[in-house]
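> I'd like to ask you about the structure that follows.
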Amino acid sequence: MSGLMAEIRETSVEPDSLALWFLGQNGWIVKSPGGTVLAVDPYLSDSCNPSWRGLNLTRQVPVPITPVELAADLLVCTHSHHDHADPETLAPCAASGRVRGFAGPGDTQTVFAQAGIDEERCKILWPNRVIERGDLRLTATFALPTDAGDLTHIGLLIQAGSGPKLWITGDTGWCDLLAEAGLKHLPDAVCVPINGGYGNLSHWQAAELIRRVGPAVAIPCHWDMFADNSCAPHMFEASLTVKGQRHLYRMPVHGQKIVIDSWRR
1 MSGLMAEIRE TSVEPDSLAL WFLGQNGWIV KSPGGTVLAV DPYLSDSCNP SWRGLNLTRQ
61 VPVPITPVEL AADLLVCTHS HHDHADPETL APCAASGRVR GFAGPGDTQT VFAQAGIDEE
121 RCKILWPNRV IERGDLRLTA TFALPTDAGD LTHIGLLIQA GSGPKLWITG DTGWCDLLAE
181 AGLKHLPDAV CVPINGGYGN LSHWQAAELI RRVGPAVAIP CHWDMFADNS CAPHMFEASL
241 TVKGQRHLYR MPVHGQKIVI DSWRR
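In full-length UniProt numbering, the protein residues as written are 1 to 265.
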């Protein structure tokens, strides 16, 4: 077992908190006080390379955990793009038996099936659907699709008991309804894409979402994996600064634990 997966397994999480690890792109692992492990959008291969559009989508970040080593109570994919629902990650996860269940919106179910995951191991998610796994409560949230190839994008709100709420927005374009959905859920921490390419939020739009929703911390993602789909994260910090929100910025480091505990309103 890799060093990171062993660390996650051995980590104890304090009550009223969550432990969070950044895997790159929109990949995250969350662990609860009760020991429930959630994987979100793990991209653990180089399957997007080569790009059929001629882009440089060579993986820029080392694989932190091999797919066969990944162990989780639930793996959620926010949509079916292969850097989020990666067949070369999902198939080994299905075969290893270390991932107990899978969930995602409509179009991800086809990817799950193609990866050899039995239908009974999969749950379908849509905005406002709530599921529970262990002591984690997961609420699928609205996301605006970024292209017509998949119109079933979601985000994910994660909470253990009455502890802090973590919102992973997933890939999404800008619209007022996105901010309204965020205000409905009132997250304490937000992980938000900033790359701005191919329909996603730009660093400026991501900062505006943070300003409107008002979390206690803002964590950028989807800026690091591909040379032709990237954004320097300090640009998000700069946009937060212009909007008077610089104090919320938290730079994630690949494979390093972030503890979400006292970031309350």
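For glycine and all other residues, C-beta sits at the position ideal for the given N, C-alpha and C. In this text the structure is predicted, and so the values were computed from the model without any measurement.
Identify the continuous beta strand (DSSP E) that holds T139 and give its terminal residues.
L136 to F142
> Could you tell me if W52 is buried or exposed, where buried requires 16 or more neighbouring beta carbons within 10 angstroms of its beta carbon?
exposed
> What is the rounded straight-line gap between the Cα of L20 and the Cα of L144?
25 Å
> Look up K243 in the DSSP assignment and give the residues it is bridged to.
Looking at the DSSP output, K243 sits in no beta bridge, so it has no partner there.
> Between the C-alpha atoms of P215 and Q25, what's the straight-line distance to the nearest angstrom?
If I take the Cα positions, the gap works out to 21 Å.
> Measuring only the C-alpha atoms, how far is P233 from E180?
25 Å
> For E88, report the span of its alpha helix (DSSP H) as first-last.
P87 to S96
> Compare the C-alpha of R212 against each of L177, T152, I117 and V63 and name the closest.
L177
> Nearest CA to the CA of A227: which residue from G101, S32, A206 and T58?
T58
> In this structure, does DSSP put R265 in helix, strand or coil?
Reliability of the predicted coordinates at R265 is poor, the pLDDT of 43 falling under 50, and the value obtained from them is presented with this limitation in mind. In this structure, R265 counts as coil in the three-state DSSP scheme.
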